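Numbering (my numbering), first residue to last: 44 to 582.
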C-alpha cells in the first residue's frame, strides 16, 4: 500500500565536494573495503537523505504539531551523534561536580581539534554493513556542525577548535561459522560459556585474531581452530617458551637466574636487529589497525627464537663445562630467555592471560602493563628468576574429542524443552549442504538485452535477460556503480532461474545474477568463455 507522508531530509548532497576531498585524504589510510564502499556512494552522487521514519519506537522529533507525533528520528541519523553527545552529557552531569579542571568543557579534550592538529584521534571499529554511516553520514554531520558554528562552508579539514573527523574506520568483513552465518535462533553458533568451560580463552583470542576478517569474510572451523592452536600457538610459541624455561631450570642456581653469567646481549647484535625489525613491523601494523599482520610479525620472533635454540643446542651443555662452545651455547639460551620476556609483553594484547602467566614464571616483579611495546625486547633489563618449576602454557587440542563433545551438546539441546517445544538441533557441520539440496538450485545461462536504472533504488539496475527462445525475464541486480549499463548489454551471464520471484523496491525480480566478490570491493559477474544458447543449464 502506498501512502502519502512527509519527512525531514538532511541535505547530504551539499557535502559531496567536501566528502570527496575527505575520501581522497583517507585513501591511503582506509582499508580496501572501506574505500570501495565509500567511493561507490560518492560516485553515485549524494542525495538528500530522509532522517525521519513513520514508526512508533525511537527518538521523538523535537517538533510540535500532530503531523510529527507519529514520526521518529532515523536511527543512523541519531545513533552516530551519540559518540559526541555522550561526551557532552558526561561533562555536564559529572565532570564539573567531580572537580575536573576543565569543568563542563572537559568533553573538548576528546572532540575538538588541538592547536597542532595532532589530536584527538578517533577510530571507529565495526562490521562492513555500517561503513557508509561512518565515512559519509557522520563526517557530513560533523562538517555541518562545524560549518554552522563557524559560518564557513563545509570543510573536510577541521580547524583547531572544530569537532574532529574520524582518523580511520577499520571495518571488518564477516566471520562465518563453517560456511554459514552465525544464528542464535538456528543454534548455529559457538557458545561462549561452553567454550570457556573447555578451552583456554587465549586459544580463542589467538584464533580469532589470526583469522580476523579484515579484508574478506573468514570462516570459524573447528578443524582449523585446532590446527592453528596446535601447530602455531603451541608449536611455535608455547613450546619455545617452555623449552627455554625448562633448560634454564636444569642449570645449577643459587636462587638467582643462572643465565646471568652467560648473558651477552652485545654478542647477538645481528639477532637484535632482526627482532627490532619484526617488532617495528608489528608496531606499524597495530598503528594502522592491521592486527593479523601484527600478530604474524610477533610470531616471527618466536620462530626466530626456535631457530636460535635449535642451532645453539644448549641441552648439550648443562653439566657445567666451561668451554667456549658451552658458553656460546648458553649465551644463546640467555638471549632466548630475553626473547621470552619480550614475547610476553608483545603478545599481551592478543593472549593476555598466558602472557601474565609467563611474566610470573620469568620471575618478573614489575607490572607488565608498565612495559611499553617498543621497549618489550630490552637487551639491558636484568634477568629475573622464579624458582618454581615452569608449567606449559597450553595443552594440545584433540579434534576428535572436540567434535564428540559438540555432538553431545547438540544431543542435549535437541532433547531440551523451551516452552514445551524441542529446541532445534545444532549440527557442527551446519555450514554444509546435502548434494540433493544443491541440485534444487537451477542455474541457467542468459543474454543481457537491456539495462535500466531502478526507479526507486540507488544501487540497483533493472536487467532484462533473454532466457530462452523468444523468452525473457527481469532481474534486479546491485551492480550500479560497479558496471556501466552499456558494458552489461550483450553479456552472456549465469543466473539462478528457480529463485522465488520477489519485489525489490517495487520491481519484480525473477532471478539472481551470479557474481564474484573479493571482499575488497571488487565485483565481477560470472560470464561464459564461449557463447551458449540462452536457457542452457549450468551444472
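Where a beta carbon is used, it is the ideal one built from N, C-alpha and C, also for glycine.
Since we're looking at a predicted model, the values are computed, not measured.
Practice task
Report the partner residues of residue 487 according to the DSSP bridge assignment.
Solution key: Here residue 487 corresponds to residue number 444 of the chain shown, with the count starting at 1. According to DSSP, which records beta bridges pairwise, residue 487 is partnered with 538 and 580.
Practice task
Could you confirm whether any beta carbon from chain B is found closer than 8 Å to the beta carbon of residue 253?
Solution key: Going by chain labels, chain B is absent from the structure shown, which holds only one protein chain.
Problem - Nearest to residue 123 (by Cα), restricted to the options 177, 340 and 61 - result: Taking the chain shown and counting its residues from 1, the one referred to as residue 123 is at position 80. Out of 177, 340 and 61, 177 has the C-alpha closest to the C-alpha of residue 123.
Exercise for the section: Look at the alpha carbon of residue 187 and the alpha carbon of residue 211, and state the distance between them as a whole number of angstroms. Expected result: Here residue 187 is taken as the residue at index 144 of the chain shown, counted from 1. Here residue 211 is taken as the residue at index 168 of the chain shown, counted from 1. Cα to Cα, the separation comes out at about 19 Å.
Practice task
Tell me whether residue 140 is buried or exposed, calling it buried when 16 or more other Cβ atoms sit within 10 Å of its Cβ.
Solution key: Stepping through the chain shown from its first residue, residue 140 is reached at position 97. Exposed, because fewer than 16 other Cβ atoms sit within 10 Å of the Cβ of residue 140.
Problem - Cβ contact check for the segment 252-268 and the segment 410-426: 3 or more pairs under 8 Å - result: no
Handout entry: Uninterrupted alpha helix (DSSP H) stretches inside the segment 189-262 (no shorter than 4 residues)
Key = 235-241 and 244-253
Exercise for the section: Report yes if the C-beta distance between residue 89 and residue 56 is below 8 Å; otherwise report no. Expected result: In the chain shown, the residue the question calls residue 89 occupies position 46. In the chain shown, the residue the question calls residue 56 occupies position 13. It is a contact, given that the beta carbons lie within the stated cut-off.
Practice task
Let me know the alpha helix (DSSP H) ranges lying completely inside the segment 98-128, each 4 residues or longer, listed in chain order.
Solution key: 118-121
Practice task
For the segment 235-255 and the segment 369-387, state whether three or more C-beta atom pairs, one from each stretch, are separated by less than 8 Å.
Solution key: no
Exercise for the section: Give the straight-line distance between the Cα atoms of residue 126 and residue 490, rounded to the nearest whole angstrom. Expected result: Residue mapping note: residue 126 aligns to position 83 of the chain shown, counting from 1. Residue mapping note: residue 490 aligns to position 447 of the chain shown, counting from 1. Computed Cα separation, rounded: 49 Å.
Handout entry: Given 8 Å, three or more beta-carbon pairs between the segment 324-344 and the segment 356-365
Key = no
Problem - Environment of residue 460 [buried if 16+ CB atoms lie within 10 Å] - result: As a first step, residue 460 must be located in the chain shown, where it is residue number 417. Since pLDDT at residue 460 reaches only 45, below the 50 mark, its modelled position is unreliable, and the value read off the structure follows with that caveat. Its Cβ having fewer than 16 others within 10 Å, residue 460 is exposed.
Handout entry: Contacts around residue 273, its chain only, beta-carbon distance under 7 Å, and the 5 residues preceding and following it disregarded
Key = Walking along the chain shown from the start, residue 273 turns up at place 230. Excluding residues within five positions, the ones whose Cβ falls inside 7 Å are 439 and 440.
Practice task
Give the secondary structure of residue 371 by DSSP, where H, G and I count as helix, E and B as strand, and everything else as coil.
Solution key: In the chain shown, the residue the question calls residue 371 occupies position 328. Helix.
Exercise for the section: Would you check if the distance between the CB atom of residue 426 and the CB atom of residue 314 is smaller than 8 Å? Expected result: Here the question's residue 426 lines up with position 383 in the chain shown. Here the question's residue 314 lines up with position 271 in the chain shown. Cβ distance not < 8 Å, so residue 426 and residue 314 don't count as in contact.
Handout entry: Residues bridged to residue 502 (per DSSP)
Key = As a working note, residue 502 is residue 459 in the chain shown. Looking at the DSSP assignment, residue 502 forms no beta bridge with any residue, so it has no partner.
Exercise for the section: Can you give me the Cβ contacts of residue 559 inside the same chain, cut-off strictly under 6 Å, excluding the 5 residues immediately before and after it? Expected result: Taking the chain shown and counting its residues from 1, the one referred to as residue 559 is at position 516. Correct list, in chain order: 567.
Problem - Cutoff 8 Å; reference residue 404; Cβ partners in own chain excluding five residues on either side - result: Position 361 of the chain shown, counted from the start, is the residue given in the question as residue 404. Only 288, 429, 431, 433 and 434 meet the Cβ criterion.
Practice task
Identify, in the order they occur along the chain, each residue of the same chain with its Cβ nearer than 6 Å to the Cβ of residue 465, setting aside the five sequence neighbours on each side.
Solution key: Counting from 1 along the chain shown, the entry for residue 465 is found at position 422. Low local confidence applies: a pLDDT of 49 at residue 465 is under 50, so the model's placement there is unreliable, with the coordinate-based value given in what follows. For residue 465, where only same-chain residues beyond five positions count, there are no Cβ hits under 6 Å.
Exercise for the section: Can you tell me which of 148, 539 and 160 puts its alpha carbon nearest to the alpha carbon of residue 577? Expected result: Along the chain shown, one-based indexing puts residue 577 at 534. For the residues 148, 539 and 160, the minimum Cα distance to residue 577 belongs to 539.
Handout entry: residue 523 - partner residues in DSSP beta bridges
Key = Position 480 of the chain shown holds residue 523. According to DSSP, which records beta bridges pairwise, residue 523 is partnered with 526.
Handout entry: residue 269 - containing alpha helix (DSSP H), residue span
Key = In the chain shown, the residue the question calls residue 269 occupies position 226. From DSSP, the alpha helix (DSSP H) with residue 269 extends over 265-271.
Problem - Cα-Cα separation, residue 161 to residue 258 - result: Taking the first residue of the chain shown as position 1, residue 161 is located at position 118. Taking the first residue of the chain shown as position 1, residue 258 is located at position 215. Rounded to the nearest angstrom, the two C-alpha atoms are 28 Å apart.
Handout entry: Counted within 10 angstroms of its Cβ, other Cβ atoms place residue 397 as buried (16 or more) or exposed
Key = As a first step, residue 397 must be located in the chain shown, where it is residue number 354. So residue 397 counts as buried.
Problem - Beta carbon of residue 492 nearer than 8 Å to that of residue 537 - result: As a working mapping, residue 492 is identified with position 449 in the chain shown. As a working mapping, residue 537 is identified with position 494 in the chain shown. Their beta carbons are not under 8 Å apart, which means residue 492 does not touch residue 537 by this criterion.
Exercise for the section: Alpha carbon to alpha carbon, how far is residue 546 from residue 45? Give it in angstroms, no decimals. Expected result: Counted from its first residue, the chain shown places residue 45 at position 2. Counted from its first residue, the chain shown places residue 546 at position 503. Cα to Cα, the separation comes out at about 14 Å.
Problem - Beta carbon of residue 574 nearer than 8 Å to that of residue 518 - result: One-based indexing of the chain shown puts residue 574 at position 531. One-based indexing of the chain shown puts residue 518 at position 475. Not in contact: residue 574 and residue 518 (Cβ atoms no closer than 8 Å).
Problem - Whole-angstrom distance between residue 485 and residue 73, CA atom to CA atom - result: As a working mapping, residue 73 is identified with position 30 in the chain shown. As a working mapping, residue 485 is identified with position 442 in the chain shown. In a straight line, the C-alpha of residue 73 is about 39 Å away from that of residue 485.
Practice task
Run the CB neighbour count on residue 226, radius 10 Å, all protein chains shown included, and call it buried at 16 or more, exposed below.
Solution key: In the chain shown, the residue the question calls residue 226 occupies position 183. Result: exposed.
Exercise for the section: For residue 524, collect the residues of the same chain with a Cβ closer than 6 Å to its Cβ; drop the 5 residues on either side in sequence, then sort them by chain order. Expected result: If you number the chain shown from 1, residue 524 lands on position 481. The answer, listed in chain order, is 83, 86 and 87.
Practice task
Identify the continuous beta strand (DSSP E) that holds residue 335 and give its terminal residues.
Solution key: Locating residue 335 in the chain shown gives position 292, where the first residue counts as 1. That residue, residue 335, is in no beta strand (DSSP E); its alpha helix (DSSP H) goes 334-355.
Handout entry: Cβ separation of residue 372 and residue 310, assumed to be a contact under 8 Å, to the nearest whole Å
Key = Mapped onto the chain shown, residue 372 falls at position 329. Mapped onto the chain shown, residue 310 falls at position 267. At roughly 12 Å, the Cβ-Cβ gap does not stay under 8 Å, so residue 372 and residue 310 are not in contact.
Practice task
Name the residue from 108, 109 and 114 whose alpha carbon lies nearest to the alpha carbon of residue 95.
Solution key: What you label residue 95 is simply residue 52 of the chain shown in a count that begins at 1. Looking at the Cα atoms, 114 is the closest of the given residues.
Problem - the segment 192-205 in contact with the segment 163-179 per 3-pair CB rule at 8 Å - result: no
Exercise for the section: Classify residue 330 as helix, strand or coil using the three-state DSSP reduction. Expected result: The sequence position of residue 330 within the chain shown is 287, counting from 1. If DSSP states are grouped into helix, strand and coil, residue 330 belongs with the helices.
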